[in-house]
Each structure stands twice: as C-alpha cells, then as structure tokens.
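Asker: Here's a structure for you.
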Amino acid sequence: MMKTLKFLLRSQLTRSRVVQQVGGFTLIELLVAMIMAFLVITPLMGFMINIMNTDRQEQAKANSEQEIQAALDYIARDLQQAIYIYDATGIDTLSQTTNNGPQIPNGTDRVPVLVFWKRELVSQAITVDADPEDNKDDTFVYSLVAYYLIKDSNDTWSKAARIARWQIRDGVADPSSTQTCGKYLAGKCPDPGFAPFKLDGIGTLAEKMNAWTKAAVVSPAVLPAPIVLVDFIDQTRNDDVPPAPVVICPSNPLPPD
C-alpha cells in the first residue's frame, strides 16, 4: 500500500514539473531575450541607416559631377566660337562703372570669370526667294558672352555659389527695304544694350576691345538676365589653408664645444 502511494505521488510531481516547463517563459527569460534582441537589432539598424545615407550622398555627388561636366562641356563648345577672349584687365575694365554704368552686369554678389566675343550661327534667317517659306540662308552675328560666379541670398538656389551665363546678341540685318527695328529683320532685333565692337582708330587690339561700351538702355532691368548653368559650386580657395609656422633661429647661437 505504501509503495502504491509513493508511486502515485512521484508520478503526480513529475507530471506537474512537465506541465510547468511547457507552460511558457518566465519574466526573467523574457527580459533577457528583449535585451539580447535590442543589442543585436540596434547595431543592424545603425548599419542600415549608415548605408542608406552613404548611398544618398554618393548619388548626390554623382549627379553634381554630371551637372558640372555638362556645364563644362557647354562652356567648351561656347568657347569654340570665340573670336576674342578678355584677360583679367579687360574684364575689370568692362565691369567698372562709367557714365552709362558698367558695360557688363556687376555687383557684390557676382564675379565675372570669363568674358568673350563669339561669332554665332543663325539658321534659316534670311529669305532668298519671294516666298518666305522657301529658301532661306543662314547668317552669322556677333555676341558678347560672360560667365559669372554668383552667390547671393536668393532662396531659389542653394547657399553655395552657382555658375551663370549672360549674353547679348546682335540682330540679323534686313537686306530688303522692309525694315522693322532699325535695319534688322522682324523677330531678329539686337538684344537691349548690344553695340558692335569697333576696331578702327589707333591702339592695340586689347585697347580697342577694352574700350567697348554698351548701347544706351532705358534701365538696367531691360538687359537680359544671367541664366544659371549649375548650382552647388564650392568656393573654397587654395590660399585658405593657413601657412606653415615660421621657425626663428637664435641670432647668437652657442659656439661649438
């Protein structure tokens, strides 16, 4: 009888222990699991965020490089048509304020870095036959082009600098007697402020080109506005790096032993 009772009690205790083990996790086990998951997931999340930020920065860098390269290619093609390029003295002369103002736009927020005259092709400009829709000839006109480095508080653009292009172009002369704006074809008039350069008189070529003055205009606002080519231009200069410290040697060194 006693053996039977002992067997029943032992069986009941074993069954209780099994049921207790299958019932779930303890609070301590859950806390430990949560801490371990936090320690594992947090570095992984930081790693993923770092990868996403790096990818975004690389994409922005690639886009900026493509835009800058496209702008450089455009400027290079523009310079292929140049007939005269101003040096630093010529740019400074055209930027100075005279009786009719500066010859090219200037200001404290913009610096002209490249100024030149170009010979530009105008396709299908001059009518040859009586029918204006038939044969038309191409012609060439002169243009004054200036590239600027601009940095201002305009909210449209970034806080960095940007490269902009400014141009005034001559009109297409009318070979017939039906003149509209002076001696030019309708729709092919010169830009406001344009005046051809003059090579007559005495002086060097640079002196004659530096003496160019724009045509009289009613207001500077009538002049064409610069067109932005590319934004986000870094203005860091090489001379911004502080110079190396100067080592001063004593004037009366000790005599050798």
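Quick note on this note's numbering: the sequence shown kicks off at 390 and runs consecutively. Here a beta-carbon is modelled for each residue, glycine too, at the ideal position from N, C-alpha and C. No experiment lies behind these values; they were computed from the predicted model shown.
I'd like to know if the region 459-474 and the region 503-511 are in contact, where contact means that at least 3 CB-CB pairs between them fall below 8 Å.
Answerer: The region 459-474 vs the region 503-511: in contact.
Asker: Going by C-alpha distance, which of Phe-621, Leu-618, Val-611, Lys-603 is nearest Thr-486?
Answerer: As a working mapping, residue 486 is identified with position 97 in the sequence shown. Per the Cα distances, Lys-603.
Asker: With DSSP collapsed to three states, give me the class of Val-619.
Answerer: Mapped onto the sequence shown, residue 619 falls at position 230. Looking at Val-619 - three-state DSSP - the assignment turns out to be strand.
Asker: Return the Cβ separation of Leu-618 and Ala-553 in integer angstroms, given the expectation that the two are a contact with Cβ distance under 8 Å.
Answerer: Mapped onto the sequence shown, residue 618 falls at position 229. Mapped onto the sequence shown, residue 553 falls at position 164. That belief holds up - the Cβ atoms of Leu-618 and Ala-553 are roughly 6 Å apart, short of 8 Å.
Asker: Would you check whether the ligand SAH has a heavy atom nearer than 7 Å to the C-beta of Arg-445?
Answerer: The ligand SAH is absent from the structure shown, which contains no ligand whatsoever.
Asker: Could you give the first and the last residue of the continuous beta strand (DSSP E) run that contains Gln-556?
Answerer: One-based indexing of the sequence shown puts residue 556 at position 167. Where Gln-556 is concerned, the enclosing beta strand (DSSP E) stretches over 550-558.
Asker: Pick from Asn-452, Ser-512, Asp-476, Pro-581: whose alpha carbon is nearest that of Ala-595?
Answerer: Reading the sequence shown from its first residue, position 206 is the one you call residue 595. Residue Asp-476 is the option with its Cα nearest to Ala-595.
Asker: Determine the burial state of Pro-432: buried for a count of at least 16 other Cβ atoms within 10 Å of its Cβ, exposed for fewer.
Answerer: For the purposes of this step, residue 432 is taken as the residue at position 43 of the sequence shown. Label assigned to Pro-432: exposed.
Asker: Tell me the DSSP secondary structure of Ala-449 in three-state form.
Answerer: Mapped onto the sequence shown, residue 449 falls at position 60. In the structure shown, Ala-449 sits in a helix (DSSP, three-state: H, G or I).
Asker: Shortest alpha-carbon distance to Ala-550 belongs to which of Lys-525, Phe-583, Leu-574, Asp-498?
Answerer: Start at 1 with the first residue of the sequence shown, and residue 550 comes out as number 161. Ranking the options by Cα distance to Ala-550, first place goes to Asp-498.
Asker: Give me the residue from Asp-544, Trp-555, Asp-620, Tyr-463 with the minimum Cα distance to Phe-583.
Answerer: Taking the sequence shown and counting its residues from 1, one reaches residue 583 at position 194. Among Asp-544, Trp-555, Asp-620, Tyr-463, the Cα nearest to that of Phe-583 belongs to Trp-555.
Asker: DSSP three-state label for Tyr-475, please.
Answerer: Residue 475 sits at position 86 when you count from the first residue of the sequence shown. Here Tyr-475 sits in coil by DSSP.
Asker: Tell me the DSSP secondary structure of Gly-490 in three-state form.
Answerer: The count along the sequence shown starts at 1 and reaches residue 490 at position 101. Strand, per DSSP.
Asker: Buried or exposed: Ser-512, going by 16 or more other Cβ atoms within 10 Å of its Cβ?
Answerer: On the sequence shown, residue 512 is found 123 positions in, with the first residue counted as 1. The residue is exposed, with fewer than 16 neighbouring Cβ atoms inside 10 Å.
Asker: Three-state secondary structure (DSSP) at Val-561?
Answerer: Numbered from 1 along the sequence shown, position 172 holds the residue referred to as residue 561. Val-561: coil per DSSP, three-state reduction.
Asker: Go ahead and pull the three-state DSSP assignment for Ala-535.
Answerer: In the sequence shown, residue 535 corresponds to position 146, counting from 1. Ala-535 falls in the strand class under three-state DSSP.
Asker: So, under 8 Å CB-CB, Ser-532 and Arg-558 are touching, yes? Tell me the CB distance rounded to an integer number of Å.
Answerer: Along the sequence shown, one-based indexing puts residue 532 at 143. Along the sequence shown, one-based indexing puts residue 558 at 169. That pair is a contact at about 4 Å.
Asker: Kindly indicate the opening and closing residues of the alpha helix (DSSP H) around Lys-603.
Answerer: Mapped onto the sequence shown, residue 603 falls at position 214. Neither: Lys-603 is in no alpha helix (DSSP H) and is coded neither H nor E.
Asker: Using C-beta distances below 7 Å, list every residue in its chain close to Asp-580, excluding the 5 sequence neighbours before and after it, in chain order.
Answerer: Looking up residue 580 in the sequence shown gives position 191. Excluding residues within five positions, the ones whose Cβ falls inside 7 Å are Ile-557, Arg-558, Pro-613.
Asker: Who are the near neighbours of Met-425 in its chain, counting only those whose CB is closer than 6 Å to its CB and skipping five residues on each side?
Answerer: For the purposes of this step, residue 425 is taken as residue 36 along the sequence shown, with counting starting at 1. Excluding sequence neighbours, Met-425 sits near nothing in its chain.
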